[in-house]
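Protein chains in written order, with this note's numbering: chain S, 32 to 441; chain E, 32 to 441; chain C, 32 to 441; chain F, 32 to 441.
Don't be surprised by glycine CBs; every beta carbon is placed ideally from N, CA and C.
Protein chains: 4
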Amino acid sequence: MDFAQSARSREYLDRLRAFIATEVAPVEARLHAERVKPFAQRSDVPGAAMWQVPEEFRQLQSKARAEGLWNLFLPDAELGAGLSNVEYAPLAEEMGRSPLAPVVFNCNAPDTGNMEVLYHYGSTEQKERWLRPLLDGEIRSAFCMTEPDVASSDATNMAATAVVEGNEVVLNGRKWWSTGVGSPDCKVLIFMGLTDPEAHKYQRHSMVLVPMDTPGVKVERMLSTMGFYDEPFGHGEVSFTNVRLPLDAIIAGPGRGFEIAQGRLGPGRVHHCMRLVGLAESALELAIRRGTERVAFGKPLINLGGNRERIADARIAINQLRLLVLNTAWLLDTQGIAGARSAVSEIKVAAPRVAQQVIDFAMQIHGGGGLSDDFPLAGAWTSARAIRLADGPDEVHQGLVARFELGKYQ
Amino acid sequence: MDFAQSARSREYLDRLRAFIATEVAPVEARLHAERVKPFAQRSDVPGAAMWQVPEEFRQLQSKARAEGLWNLFLPDAELGAGLSNVEYAPLAEEMGRSPLAPVVFNCNAPDTGNMEVLYHYGSTEQKERWLRPLLDGEIRSAFCMTEPDVASSDATNMAATAVVEGNEVVLNGRKWWSTGVGSPDCKVLIFMGLTDPEAHKYQRHSMVLVPMDTPGVKVERMLSTMGFYDEPFGHGEVSFTNVRLPLDAIIAGPGRGFEIAQGRLGPGRVHHCMRLVGLAESALELAIRRGTERVAFGKPLINLGGNRERIADARIAINQLRLLVLNTAWLLDTQGIAGARSAVSEIKVAAPRVAQQVIDFAMQIHGGGGLSDDFPLAGAWTSARAIRLADGPDEVHQGLVARFELGKYQ
Amino acid sequence: MDFAQSARSREYLDRLRAFIATEVAPVEARLHAERVKPFAQRSDVPGAAMWQVPEEFRQLQSKARAEGLWNLFLPDAELGAGLSNVEYAPLAEEMGRSPLAPVVFNCNAPDTGNMEVLYHYGSTEQKERWLRPLLDGEIRSAFCMTEPDVASSDATNMAATAVVEGNEVVLNGRKWWSTGVGSPDCKVLIFMGLTDPEAHKYQRHSMVLVPMDTPGVKVERMLSTMGFYDEPFGHGEVSFTNVRLPLDAIIAGPGRGFEIAQGRLGPGRVHHCMRLVGLAESALELAIRRGTERVAFGKPLINLGGNRERIADARIAINQLRLLVLNTAWLLDTQGIAGARSAVSEIKVAAPRVAQQVIDFAMQIHGGGGLSDDFPLAGAWTSARAIRLADGPDEVHQGLVARFELGKYQ
Amino acid sequence: MDFAQSARSREYLDRLRAFIATEVAPVEARLHAERVKPFAQRSDVPGAAMWQVPEEFRQLQSKARAEGLWNLFLPDAELGAGLSNVEYAPLAEEMGRSPLAPVVFNCNAPDTGNMEVLYHYGSTEQKERWLRPLLDGEIRSAFCMTEPDVASSDATNMAATAVVEGNEVVLNGRKWWSTGVGSPDCKVLIFMGLTDPEAHKYQRHSMVLVPMDTPGVKVERMLSTMGFYDEPFGHGEVSFTNVRLPLDAIIAGPGRGFEIAQGRLGPGRVHHCMRLVGLAESALELAIRRGTERVAFGKPLINLGGNRERIADARIAINQLRLLVLNTAWLLDTQGIAGARSAVSEIKVAAPRVAQQVIDFAMQIHGGGGLSDDFPLAGAWTSARAIRLADGPDEVHQGLVARFELGKYQ
């Protein structure tokens, strides 16, 4: 239970901060300025263009990679930075303060989770074909699990199929909230579907690697989240119609979908939570800066009514959350996913709650501006809200935590 | 304290419901389908086109007017429907369930508030020039009060000026969250500015009627609220640079801005709250419908975990809110704005809270869909959130309620 | 939906207030002073003596009765005051501000509920023997329903028996939270027990009138609620061992227990909620008085931090609650218990929540004193907390409200 | 930031648990049984007798001391156990699960804080006279700071005086919430009073050691907290009338009261919070045990409605709290009180909130029993509630946390 930051982690953090301040922040500011630019021009902006990846993104990625600020999430020392989860936590938190940073350092969802799947379960060929270019940032990927037509909180509801026919696996079904499919760089999807309805409940499904250009794969539309499209990556609804792939497209063989999903979602959820700590911190900082600059009724806003109490409550909530996240990282490092299952669900519930609370306060103290795109708060709130559903809704994680808790008494 | 619905109000409600079901709902469904239509087309949608008012809007308005479902908000029996606030409440609640309905029946913000200003304070000429076409739905209007550069929660911070020079009044300054300026039909702005800094705190400001095409008026940009532009009406930032108007553009003469604002904001806020009751009701209905249709872990969602408790809490909260709104309407009817000041602030705080809580639950029970534009929930949540800031942030209204409460002990 | 106070109700309210101020308050103050009197003497106080009814209680009751401030709760114009529930609500609220007042005016739980049972379901003999002296305040009664050995939230769990044997009914079992059995004036218990396990679920139980001195009836002990014994009335655990009574001790005949309970608990719960509105109001008043008198950090407490926001939130919550209670009273008056079932459960959930919130704030602003017996806040909080369990826990009432809500969609 | 439990701490914990299970628990059970014993006897119980320390207490203390489970809180290796705060945390948590344990192991408030004051600031004579017997458990002490007549949340309000007159210091004033003065073993009070009103704000006050039997010292009365007297130790109101003591009764010399208070309250507050973690854990355990044993509507209570969600939320809240407390202990160990000031205030706010929430849930799931003395929940809730005021109300600690937070931006 040692959460102390190692020298290595500290050193990475310093460089990360410097890079974000000097390289990432100016690009973010420019892109943001474009977003809020005058009306006449705006009318021309969205549409197809907004789904292009700006060249600046790629340049930032190249620089980051050149400086070794790359794939920090991956514990493998050769392919990634070789950091433990406890070491990575402060770095992910720092990236979470910026909408752009996770992508710049190749540490963003869903690619990190997908890379981990390939790293742990992929065959040599699968690794060569997909993991390498993902690690290099040359391509992007998506994860196709949730379905529009069933309550996907219960994964056994999954209706899409991945049927083995001879040498092939045939995919059919419809998925949504496939994050990243909006990008022209998205070249591969990890699809989860039902293979054998007669097998044990947790051995019925398979995960299949689907090249984006396979016949029968169609991005039906991009979805907005509370009005945001999160372009140029976005979240899509994707249909699969008689998509045929060779059997070796299945990861780790048929029937292992649940096992892989379990492993995949653990670190992915923890990374989300690490970033949410940073998001909450940055919202608190914005609230304090705005609250001390602006004056009403003869006082800085921060000194009005219950604002200082809310500052204190935010600090308390964030500090508690960060410790719970660190503890989960430490459990992952020392006991693996099996020893961290309740902990992962605990932070999955706690993190977006805390972030939402702090961001809502920050929005309120910014007045109307807090709701607009002039500040990153509306987007931040939406990210936090979405994570209360993404990778399992709160209620499912509460159910898992309760199950573990009750299990202690049996 | 009689909140019983009159026969007249009941009769209007029946017709309103029928009209919404048969006329408005299909158009809403079609427009909504367009919003979520497939990706390829979507890329062409936004931009300039989204700020056009669809011809269907105008047709719906004509029909509504022909059926006498028009200007229901206006207590005046000749110009409006002649309903009391208690009588209007159920009608506004019904309209609040639909994003489109308030506009269809010419009962939407900010036009209703602006019409009331003109009705109560306008000169004969002002009424003829602006009130008549507004009542006829021929033009639309905006209200320019909040400013980007100061904490507008304290209205005395207002920095824009409306200086009297000879026969003219000269406007300078920058306003934002001017709702409605995005529409090509928006022809007039009500601008509030500082006229005499030496006068009594509440007699320094004037309200001025500004034709949209006056030189020096510029819509700088449209603002998004949590990602939504609320097109085709939208919320704009508007600059005023040496805008010169004849003195008779001032409503009720110089220095009466605060007095008018006070009167304007009362009913406007109450209408917002009436509609929020309807918004909360419709979210609860969506939650129940979805929760009974979808199944997870072998049960309808509604029977899982604390969902039924949340249904009950929503019902309790909505019922309490509706009664508080009705009581405020009754106070307005019987004691005027002066006797309803605390009550108006009470519902202004309570209504968006309740709506947010119920809508958030409904979003959660819809899973990812609840965040998307497939359901009206994301937009509904955003409306409720915005009202926690619009027309005065919660904290200012809490302050007023507390002041009244403490005043009882002096 | 007319909640206006009638002239008659207003007139009663004026007299009630005057009587409480001049007659009840001084006695309360004296009894309270005794409670907090110096240590040396205190050591002698509790014990048997505390279960005596002070003579002053009886004198206050006589005076109240002489002035016609008596049995105000009973809608019957001959036996009671003949007030509707809407008319009674402000009177019950006023009584709720004082721990002593409900008893003084013969309007306290559980006697009011028991009197209503006898009024509606009692035979002529039962009325003569028990209802008359209860209405006269000569005796007191208790209600024995909840049992220590089962989860009584599910009434079908009830294990006590009321078996018909020839001309007799034989009672066995153990009940607790029998309020009022501590008083020497308590002469009769209403006991509910299982008569016919084979009958329809809601026709298995009977209610039996049990004279306190019947052989086999034993008060095992008095229970404390959060440390308070609520002497001299108190809450007891009572055992029934082969208690034999003639058949005519059964109210309305065997098997009608559930039906009677349903009818009994409706008005009883509403009265609780009416009083809780008054309790919350008096806590808010205490908070404001203390908060304006005491100074810290150079300001009256009320102006520190979020205190004014809490005042506002309390006012909003209380106003909403009062309206919901009035609406429930109005439903009872106009549609009877059947039309008010959801409403009764709604206020049963809402009222103690609001009261707890306001009282907790008042305690906090009183500092340590707020927890002590120097102020009525600790006792008030405990009353509110207890009502979240008494007459059905929150969760059961939420379940009922949800059931009604979902029923609208079938 | 290493919170891992040391081998030594683990070993103490094992022995502590065993001792509590075999020695303390049976005594607690017996005393508890006495508390709820039948009515007839109960009437004789309270009064003077309840303020006697049962002989069993002393025997338990002797045994605990003999086994080396004694003064575990004191970091000094000779006088205490020599444990760091991080090492002590799990032990204090364990003691917090039992009302009796802290006293048994001589680790209870306010004696631990008082011993620390003497340890750090006492003269050799003061240590010999008071610290030694306190460490030996021969006597007990109280801390007299809060005053009934002023808002003591602002310590500069303090009105009691400690005036130096020649060789003597003369005390006058009235204190309350002096915990422990009810016990016949309480032999010394630490009194804080105003010495020099002209000095710097934080150098005006002195702390004075007052033998309980000094003329002029009078326990005016014992105070109840939410109905509980917490006998035999209790909380008293104490008057000081011309109490004369030699100058060497002043701890560390005149004017150092604030400095000492600051130092004293740090560890004292942390110990409270450590114990609250244990209190919350034990409430959660009780809730789960009861919830799985009792059945309603055909299911164990724990599976009804939102109960499992509440279990999960409790687990999340407790885990976060424990980590925040450990982090504070670690800051105290590594950076001293100066480096832990915000952290101490953070847990002081967070700990009772979490405990209250969990205990309230546990009470609810116990039904009426949860409010009675049959379970330790009512007492536990009261302890938690009291700590929201003791050693500084929440609002003062929130203010301090906010001040530190805002300080980062200056």
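- Closer than 8 Å to the CB of E/E426 there is not a single CB belonging to chain F.
- For S/G337, the chain C residues whose Cβ falls inside 9 Å of its Cβ are G336, G337, N338, R339, E340, R341, in order along the chain.
- When secondary structure is reduced to three states using DSSP, E/S313 falls in the helix class.
- Against chain C, the beta carbon of F/R325 has neighbours under 8 Å at V181, A182, listed in chain order.
- Around the CB of S/Y260, 16 or more other CB atoms lie within 10 Å, so the residue is classed as buried.
- Linking E/F406 to E/A64 through their CA atoms gives a straight-line distance of about 10 Å.
- With contacts defined by Cβ atoms closer than 8 Å, S/E118 and S/V308 do not form a contacting pair.
- A buried status is given to S/S414, since no fewer than 16 other beta-carbon atoms sit within 10 Å of its beta-carbon.
- C/A140 and C/G99 have their C-alpha atoms roughly 20 Å apart.
- Between S/S255 and E/D404, the beta carbon gap of about 5 Å places them in contact (Cβ cut-off 8 Å).
- Taking each of E/V135, E/E312, E/E340, E/V380 in turn and checking the Cα distance to E/D422, the smallest one comes out for E/V380.
- Annotated as proximal: C/L240 and C/W161, with beta-carbon spacing under 8 Å.
- Taking 8 Å as the CB threshold, F/M257 lines the interface with chain C.
- For the 8 Å CB-CB criterion, F/I390 and F/H303 do not form a contact.
- Under the three-state reduction of DSSP output, E/P121 falls in the helix class.
- Within the stretch 188 to 272 of chain E, the complete beta strand (DSSP E) runs of at least 3 residues fall at 192 to 196, 199 to 210, 217 to 225, 236 to 242, 248 to 254.
- Under the three-state reduction of DSSP output, S/A411 falls in the helix class.
- Closest option to C/L131, judged by alpha-carbon separation, among C/A108, C/Q90, C/P164, C/V194: C/Q90.
- Closer than 8 Å to the CB of S/R287 there is not a single CB belonging to chain E.
- Cβ neighbours of F/M305 within its own chain (closer than 7 Å, five residues either side excluded): A120, A123, E124, G127, V356.
- Here E/P331 is bridged, per DSSP, to E/V326.
- Around S/D404, the beta-carbon contacts reaching into chain E at under 7 Å are S255.
- In the structure shown, F/F136 falls within a coil segment according to DSSP collapsed to helix, strand and coil.
- Bridge partners of E/C175 according to DSSP: E/F222.
- Residues of the same chain with a CB within less than 6 Å of the CB of S/E87, apart from the 5 flanking positions on each side, are V58 in chain order.
- Around the Cβ of E/T155, a 10 Å sphere holds fewer than 16 other Cβ atoms; the residue is exposed.
- The residues H428, L431, V432, in chain order, have a CB closer than 7 Å to that of S/S376 in the same chain once the five nearest residues on each side in sequence are set aside.
- The DSSP assignment places 372 to 396, 408 to 418 as complete runs of the alpha helix (DSSP H) inside the stretch 354 to 436 of chain E, in order along the chain (cut-off: 4 residues).
- Distance between E/R252 and E/Y233, taken at the CA atoms: about 31 Å.
- With contact defined as three or more Cβ pairs closer than 8 Å, the stretch 184 to 199 of chain C and the stretch 210 to 217 of chain C are not in contact.
- For E/K94, the enclosing alpha helix (DSSP H) begins and ends at 86 to 97.
- Just so you know, the alpha carbons of E/N137 and E/R41 end up roughly 19 Å apart.
- E/V148: member of the alpha helix (DSSP H) spanning 142 to 152, first to last residue.
- Contact residues of the stretch 353 to 365 of chain E toward chain C are L354, L355, N358 (C-beta to C-beta distance below 7 Å).
- C/R171 has a beta carbon lying at 8 Å or more from every beta carbon in chain E.
- Under the 8 Å Cβ criterion, the stretch 203 to 215 of chain S counts as touching the stretch 262 to 270 of chain S, having at least three qualifying pairs.
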